[in-house]
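Residue numbers (my numbering): 94 to 388.
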Amino acid sequence: NQESEYLCKPKAIHINNLQGIKEKFDIGIIAVKSYDTEWATHALKNYVKDEGYFVDFQNGINDLKIASIVGEEKTLGCIITISAVASKPGYAWRTDNRKDVCFKIGEVSGGITERLKDFVAMMQAVGLSGYTEDLLSERWSKLMVNCMANPLAGLTGWGTSKVRTEPITQNVAIQIASEVVKVAKSEGYKMGKIMGMEPDNFVDAANGKNIEEIKNQFLDAAKQAGSASRPSFGQDVLKKRRTEINYLTGYVSDMGKKNNISTPFCNKITEIVNDLGVGFDPSPEHIEELEKMLS
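Spelled out as C-alpha coordinates, the structure:
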(Lines of atoms letter the chains of each structure in order from A and count residues from 1; the text may use other names and numbers.)
(Lines give C-alpha, C1' and ligand atoms only; values in the text may rest on other atoms or scores of the structure.)
Protein backbone atom coordinates (compact mmCIF):
# COMPACT_ATOMS: atom_id res chain seq x y z
CA ASN A 1 0.00 0.00 0.00
CA GLN A 2 1.03 3.65 0.22
CA GLU A 3 2.72 3.19 3.60
CA SER A 4 4.38 -0.23 3.46
CA GLU A 5 5.33 -3.09 1.17
CA TYR A 6 4.63 -6.79 1.60
CA LEU A 7 6.32 -9.59 -0.31
CA CYS A 8 4.50 -12.92 -0.51
CA LYS A 9 5.54 -16.05 -2.36
CA PRO A 10 2.44 -18.21 -2.89
CA LYS A 11 2.60 -21.52 -4.68
CA ALA A 12 0.93 -20.49 -7.93
CA ILE A 13 -0.24 -22.87 -10.65
CA HIS A 14 -2.01 -22.38 -13.95
CA ILE A 15 -5.55 -23.67 -14.28
CA ASN A 16 -4.41 -26.43 -16.63
CA ASN A 17 -2.27 -27.79 -13.79
CA LEU A 18 -5.27 -28.35 -11.49
CA GLN A 19 -5.46 -31.97 -12.60
CA GLY A 20 -2.05 -32.58 -11.06
CA ILE A 21 -2.70 -31.44 -7.47
CA LYS A 22 -2.28 -34.15 -4.83
CA GLU A 23 -4.60 -32.72 -2.16
CA LYS A 24 -7.83 -30.82 -2.65
CA PHE A 25 -8.16 -27.21 -1.45
CA ASP A 26 -9.89 -26.23 1.80
CA ILE A 27 -11.41 -23.08 0.28
CA GLY A 28 -12.15 -22.01 -3.27
CA ILE A 29 -12.03 -18.24 -3.77
CA ILE A 30 -13.75 -17.01 -6.93
CA ALA A 31 -12.02 -13.75 -7.85
CA VAL A 32 -12.47 -13.60 -11.63
CA LYS A 33 -14.48 -11.08 -13.66
CA SER A 34 -18.24 -11.59 -13.44
CA TYR A 35 -18.47 -12.88 -17.00
CA ASP A 36 -16.08 -15.72 -16.10
CA THR A 37 -17.92 -16.79 -12.93
CA GLU A 38 -19.60 -19.93 -14.20
CA TRP A 39 -16.72 -21.64 -15.95
CA ALA A 40 -14.26 -20.73 -13.18
CA THR A 41 -16.57 -22.16 -10.50
CA HIS A 42 -17.16 -25.33 -12.50
CA ALA A 43 -13.40 -25.67 -13.05
CA LEU A 44 -12.68 -25.46 -9.31
CA LYS A 45 -15.75 -27.36 -8.11
CA ASN A 46 -14.13 -30.81 -7.97
CA TYR A 47 -10.85 -29.55 -6.51
CA VAL A 48 -12.26 -28.31 -3.18
CA LYS A 49 -12.73 -30.76 -0.29
CA ASP A 50 -16.25 -32.03 0.43
CA GLU A 51 -16.17 -30.22 3.77
CA GLY A 52 -14.70 -27.10 2.13
CA TYR A 53 -16.51 -24.06 0.76
CA PHE A 54 -16.35 -21.28 -1.82
CA VAL A 55 -16.12 -17.52 -1.32
CA ASP A 56 -17.26 -15.01 -3.94
CA PHE A 57 -14.75 -12.11 -4.15
CA GLN A 58 -16.34 -10.17 -7.02
CA ASN A 59 -18.23 -7.06 -8.02
CA GLY A 60 -21.82 -7.57 -9.08
CA ILE A 61 -24.19 -10.12 -7.58
CA ASN A 62 -22.81 -13.56 -8.43
CA ASP A 63 -23.27 -15.35 -5.10
CA LEU A 64 -26.46 -17.12 -6.17
CA LYS A 65 -24.85 -18.18 -9.46
CA ILE A 66 -21.96 -19.77 -7.57
CA ALA A 67 -24.39 -21.34 -5.09
CA SER A 68 -26.35 -22.89 -7.98
CA ILE A 69 -23.16 -24.70 -9.05
CA VAL A 70 -21.63 -25.80 -5.73
CA GLY A 71 -24.62 -25.54 -3.38
CA GLU A 72 -25.86 -22.71 -1.19
CA GLU A 73 -24.59 -24.57 1.87
CA LYS A 74 -21.04 -24.26 0.49
CA THR A 75 -21.14 -20.60 -0.54
CA LEU A 76 -19.96 -17.44 1.22
CA GLY A 77 -19.53 -13.98 -0.25
CA CYS A 78 -17.06 -11.19 0.42
CA ILE A 79 -17.83 -7.53 -0.23
CA ILE A 80 -14.63 -5.60 -0.94
CA THR A 81 -14.62 -1.93 0.04
CA ILE A 82 -10.96 -1.04 -0.55
CA SER A 83 -9.52 0.30 -3.81
CA ALA A 84 -6.50 -1.26 -5.48
CA VAL A 85 -4.64 -1.40 -8.77
CA ALA A 86 -3.05 -4.45 -10.38
CA SER A 87 -0.56 -2.70 -12.63
CA LYS A 88 1.36 -5.81 -13.68
CA PRO A 89 1.35 -9.55 -12.89
CA GLY A 90 2.13 -10.23 -9.27
CA TYR A 91 1.96 -6.58 -8.22
CA ALA A 92 -1.03 -5.10 -6.35
CA TRP A 93 -1.14 -1.61 -4.91
CA ARG A 94 -3.80 -0.36 -2.50
CA THR A 95 -4.71 3.19 -3.49
CA ASP A 96 -7.35 4.42 -1.02
CA ASN A 97 -7.05 6.13 2.36
CA ARG A 98 -9.94 4.36 4.11
CA LYS A 99 -9.56 3.37 7.74
CA ASP A 100 -12.80 1.38 8.11
CA VAL A 101 -13.74 -2.21 7.21
CA CYS A 102 -11.98 -3.54 4.10
CA PHE A 103 -13.87 -6.83 3.74
CA LYS A 104 -17.40 -7.72 4.79
CA ILE A 105 -18.16 -11.43 4.60
CA GLY A 106 -21.38 -13.40 4.90
CA GLU A 107 -23.12 -16.71 4.28
CA VAL A 108 -25.41 -16.76 1.24
CA SER A 109 -28.00 -18.51 3.41
CA GLY A 110 -27.60 -15.90 6.16
CA GLY A 111 -26.67 -16.20 9.82
CA ILE A 112 -23.32 -16.51 11.59
CA THR A 113 -21.43 -19.79 11.37
CA GLU A 114 -18.13 -21.01 12.75
CA ARG A 115 -16.60 -21.17 9.28
CA LEU A 116 -17.68 -17.57 8.67
CA LYS A 117 -15.98 -16.49 11.90
CA ASP A 118 -12.87 -18.45 10.91
CA PHE A 119 -12.72 -16.87 7.45
CA VAL A 120 -13.22 -13.37 8.86
CA ALA A 121 -10.36 -14.03 11.30
CA MET A 122 -8.19 -15.21 8.40
CA MET A 123 -8.92 -12.06 6.40
CA GLN A 124 -7.82 -9.80 9.28
CA ALA A 125 -4.27 -10.47 8.09
CA VAL A 126 -5.16 -8.71 4.83
CA GLY A 127 -7.25 -5.85 6.19
CA LEU A 128 -9.89 -4.99 8.78
CA SER A 129 -12.69 -7.51 8.23
CA GLY A 130 -16.19 -8.05 9.56
CA TYR A 131 -19.23 -10.21 8.91
CA THR A 132 -22.78 -9.58 7.77
CA GLU A 133 -25.92 -11.62 8.42
CA ASP A 134 -27.57 -10.23 5.27
CA LEU A 135 -25.05 -10.70 2.48
CA LEU A 136 -27.33 -10.00 -0.48
CA SER A 137 -28.66 -6.71 0.88
CA GLU A 138 -25.06 -5.64 1.45
CA ARG A 139 -24.29 -6.73 -2.11
CA TRP A 140 -26.92 -4.33 -3.43
CA SER A 141 -25.36 -1.49 -1.42
CA LYS A 142 -21.96 -2.26 -2.99
CA LEU A 143 -23.58 -2.66 -6.41
CA MET A 144 -24.95 0.86 -6.07
CA VAL A 145 -21.47 2.24 -5.32
CA ASN A 146 -20.05 0.38 -8.32
CA CYS A 147 -22.83 1.55 -10.64
CA MET A 148 -22.34 5.17 -9.60
CA ALA A 149 -18.62 5.29 -10.35
CA ASN A 150 -17.34 2.38 -12.44
CA PRO A 151 -19.03 2.90 -15.83
CA LEU A 152 -18.54 6.68 -15.66
CA ALA A 153 -14.83 6.24 -14.91
CA GLY A 154 -14.49 3.78 -17.76
CA LEU A 155 -16.29 5.97 -20.30
CA THR A 156 -14.52 9.22 -19.41
CA GLY A 157 -11.08 7.89 -18.49
CA TRP A 158 -11.27 9.77 -15.18
CA GLY A 159 -10.12 8.36 -11.83
CA THR A 160 -12.39 7.77 -8.84
CA SER A 161 -11.80 11.21 -7.29
CA LYS A 162 -12.59 13.14 -10.47
CA VAL A 163 -15.74 11.11 -11.15
CA ARG A 164 -16.96 12.01 -7.67
CA THR A 165 -16.11 15.72 -7.94
CA GLU A 166 -17.16 16.70 -11.49
CA PRO A 167 -20.75 18.09 -11.55
CA ILE A 168 -21.75 16.13 -14.66
CA THR A 169 -20.72 12.74 -13.27
CA GLN A 170 -22.11 13.63 -9.83
CA ASN A 171 -25.52 14.34 -11.37
CA VAL A 172 -25.55 11.19 -13.48
CA ALA A 173 -24.39 9.11 -10.49
CA ILE A 174 -27.30 10.40 -8.40
CA GLN A 175 -29.79 9.31 -11.07
CA ILE A 176 -28.17 5.88 -11.36
CA ALA A 177 -28.13 5.48 -7.57
CA SER A 178 -31.83 6.29 -7.36
CA GLU A 179 -32.61 3.58 -9.91
CA VAL A 180 -30.52 1.00 -8.04
CA VAL A 181 -32.35 1.77 -4.78
CA LYS A 182 -35.77 1.36 -6.40
CA VAL A 183 -34.82 -1.92 -8.06
CA ALA A 184 -33.25 -3.31 -4.87
CA LYS A 185 -36.49 -2.56 -3.03
CA SER A 186 -38.49 -4.28 -5.75
CA GLU A 187 -36.30 -7.36 -5.22
CA GLY A 188 -37.04 -7.27 -1.49
CA TYR A 189 -33.64 -6.13 -0.22
CA LYS A 190 -33.08 -3.56 2.50
CA MET A 191 -29.91 -1.64 1.71
CA GLY A 192 -27.77 -0.11 4.42
CA LYS A 193 -26.22 3.35 4.41
CA ILE A 194 -24.08 4.30 1.42
CA MET A 195 -21.42 6.97 1.97
CA GLY A 196 -23.11 7.74 5.26
CA MET A 197 -26.47 8.41 3.60
CA GLU A 198 -29.73 6.49 3.67
CA PRO A 199 -30.64 4.92 0.30
CA ASP A 200 -33.79 7.02 0.05
CA ASN A 201 -31.66 10.18 0.25
CA PHE A 202 -30.39 9.34 -3.23
CA VAL A 203 -33.95 8.91 -4.51
CA ASP A 204 -34.84 12.31 -3.04
CA ALA A 205 -31.75 13.89 -4.61
CA ALA A 206 -32.69 12.46 -8.02
CA ASN A 207 -35.97 14.34 -7.61
CA GLY A 208 -34.19 17.60 -6.74
CA LYS A 209 -34.22 17.41 -2.94
CA ASN A 210 -31.06 17.93 -0.82
CA ILE A 211 -28.75 17.41 -3.80
CA GLU A 212 -25.90 19.37 -2.20
CA GLU A 213 -25.92 17.06 0.81
CA ILE A 214 -25.26 14.08 -1.47
CA LYS A 215 -22.61 15.98 -3.43
CA ASN A 216 -20.79 16.85 -0.21
CA GLN A 217 -20.66 13.13 0.58
CA PHE A 218 -19.21 12.54 -2.88
CA LEU A 219 -16.47 15.07 -2.10
CA ASP A 220 -15.65 13.31 1.17
CA ALA A 221 -15.56 9.96 -0.63
CA ALA A 222 -13.22 11.45 -3.25
CA LYS A 223 -10.75 12.41 -0.51
CA GLN A 224 -10.82 8.87 0.91
CA ALA A 225 -10.32 7.39 -2.55
CA GLY A 226 -6.94 9.05 -3.05
CA SER A 227 -5.59 10.61 -6.22
CA ALA A 228 -4.31 7.32 -7.68
CA SER A 229 -7.57 5.40 -7.27
CA ARG A 230 -9.32 4.12 -10.38
CA PRO A 231 -12.31 1.73 -10.39
CA SER A 232 -11.70 -1.74 -11.79
CA PHE A 233 -13.98 -0.89 -14.72
CA GLY A 234 -11.75 2.06 -15.60
CA GLN A 235 -8.67 -0.15 -15.33
CA ASP A 236 -10.29 -2.67 -17.69
CA VAL A 237 -10.98 0.03 -20.28
CA LEU A 238 -7.39 1.31 -20.16
CA LYS A 239 -6.14 -2.27 -20.55
CA LYS A 240 -8.51 -2.77 -23.54
CA ARG A 241 -10.32 -5.55 -21.71
CA ARG A 242 -13.98 -6.54 -21.69
CA THR A 243 -15.93 -4.65 -19.02
CA GLU A 244 -18.44 -5.91 -16.46
CA ILE A 245 -21.16 -3.49 -17.59
CA ASN A 246 -23.80 -6.22 -18.01
CA TYR A 247 -23.26 -7.27 -14.39
CA LEU A 248 -23.48 -3.72 -13.00
CA THR A 249 -25.94 -1.25 -14.55
CA GLY A 250 -26.98 -3.96 -17.02
CA TYR A 251 -28.02 -6.19 -14.14
CA VAL A 252 -30.02 -3.34 -12.59
CA SER A 253 -31.74 -2.78 -15.94
CA ASP A 254 -32.64 -6.47 -16.22
CA MET A 255 -34.06 -6.61 -12.70
CA GLY A 256 -35.91 -3.35 -13.33
CA LYS A 257 -37.57 -4.78 -16.44
CA LYS A 258 -38.55 -7.90 -14.51
CA ASN A 259 -40.22 -5.82 -11.80
CA ASN A 260 -41.57 -2.98 -13.99
CA ILE A 261 -39.19 -0.38 -12.50
CA SER A 262 -38.02 2.34 -14.89
CA THR A 263 -34.20 2.55 -15.18
CA PRO A 264 -33.46 5.01 -18.02
CA PHE A 265 -29.96 5.99 -16.87
CA CYS A 266 -28.85 2.40 -16.23
CA ASN A 267 -30.30 1.44 -19.61
CA LYS A 268 -28.51 4.22 -21.46
CA ILE A 269 -25.08 3.83 -19.87
CA THR A 270 -25.22 0.07 -20.47
CA GLU A 271 -26.18 0.70 -24.10
CA ILE A 272 -23.34 3.20 -24.59
CA VAL A 273 -20.67 0.85 -23.22
CA ASN A 274 -21.96 -2.14 -25.19
CA ASP A 275 -22.14 -0.10 -28.39
CA LEU A 276 -18.51 0.99 -27.92
CA GLY A 277 -17.52 -2.66 -27.57
CA VAL A 278 -14.28 -4.13 -26.27
CA GLY A 279 -11.10 -2.03 -26.48
CA PHE A 280 -12.60 1.46 -26.85
CA ASP A 281 -10.71 4.63 -26.00
CA PRO A 282 -12.19 6.57 -23.06
CA SER A 283 -13.36 10.15 -23.58
CA PRO A 284 -15.70 12.57 -21.75
CA GLU A 285 -17.59 12.76 -25.06
CA HIS A 286 -18.98 9.30 -24.32
CA ILE A 287 -21.25 10.70 -21.58
CA GLU A 288 -22.78 13.52 -23.65
CA GLU A 289 -26.00 11.54 -24.17
CA LEU A 290 -26.29 11.06 -20.42
CA GLU A 291 -25.76 14.78 -19.89
CA LYS A 292 -28.63 15.54 -22.29
CA MET A 293 -30.90 13.26 -20.26
CA LEU A 294 -30.34 15.47 -17.20
CA SER A 295 -31.87 18.55 -18.83
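From the three backbone atoms N, C-alpha and C, an ideal C-beta is built for every residue, glycine too. All values reported here derive from a predicted model rather than from experimental measurement.
Under a Cβ-count criterion, where at least 16 other Cβ atoms within 10 Å of its own Cβ denotes burial, should residue i be classed as buried or exposed?
i, result
"residue 267", "buried"
"residue 151", "buried"
"residue 104", "exposed"
"residue 275", "buried"
"residue 312", "exposed"
"residue 195", "buried"
"residue 215", "exposed"
"residue 376", "exposed"
"residue 254", "buried"
"residue 114", "exposed"
"residue 209", "buried"
"residue 73", "Residue 73 lies beyond the range of the chain shown here (94 to 388); nothing can be said about it."
"residue 281", "exposed"
"residue 251", "buried"
"residue 337", "buried"
"residue 205", "exposed"
"residue 193", "exposed"
"residue 341", "buried"
"residue 380", "buried"
"residue 272", "buried"
"residue 99", "exposed"
"residue 301", "exposed"
"residue 127", "buried"
"residue 294", "buried"
"residue 291", "exposed"
"residue 324", "buried"
"residue 315", "buried"
"residue 112", "exposed"
"residue 189", "buried"
"residue 149", "buried"
"residue 264", "buried"
"residue 247", "buried"
"residue 346", "buried"
Beta strand (DSSP E) containing residue i: first to last residue?
i, result
"residue 331", "Run containing residue 331: none in the beta strand (DSSP E); it sits in the alpha helix (DSSP H), 325-331."
"residue 119", "118-123"
Hey, quick one: how far does the alpha helix (DSSP H) through residue i stretch, first residue to last?
i, result
"residue 265", "260-279"
"residue 294", "292-299"
"residue 385", "381-387"
Does residue i come out as helix, strand or coil in the three-state DSSP assignment?
i, result
"residue 114", "coil"
"residue 169", "strand"
"residue 106", "coil"
**OP:** Count the C-beta pairs between the stretch 305-316 and the stretch 217-236 that are closer than 8 Å, then say yes if the count reaches three, no if not.
**Re:** no
Subject >> Whole beta strand (DSSP E) elements within the stretch 126-164, 3-residue minimum >> reply: 141-149
Subject >> Every unbroken beta strand (DSSP E) inside the stretch 173-245 [3 residues or more] >> reply: 177-181, 184-187, 196-200 and 222-224
**OP:** Just list the beta strand (DSSP E) runs in the stretch 302-375, keeping only unbroken ones of 3 residues or longer that don't cross its boundaries, in chain order.
**Re:** none
Original post:
Would you call the stretch 140-155 and the stretch 115-131 touching, i.e. three or more CB-CB distances under 8 Å?
Top reply: yes
**OP:** For the stretch 192-210 and the stretch 162-181, state whether three or more C-beta atom pairs, one from each stretch, are separated by less than 8 Å.
**Re:** yes
Original post:
At a cut of 8 Å, does the stretch 357-367 reach the stretch 235-249 through at least three beta carbon pairs?
Top reply: yes
Original post:
If we count Cβ pairs, one from each stretch, closer than 8 Å, do we get three or more for the stretch 176-186 versus the stretch 369-387?
Top reply: no
**OP:** Tell me, please, whether the stretch 329-336 touches the stretch 155-163 by the rule of three or more beta-carbon pairs shorter than 8 Å.
**Re:** no
Original post:
Taking one C-beta from the stretch 316-327 and one from the stretch 220-229 each time, how about it: are there three or more such pairs within less than 8 Å?
Top reply: no
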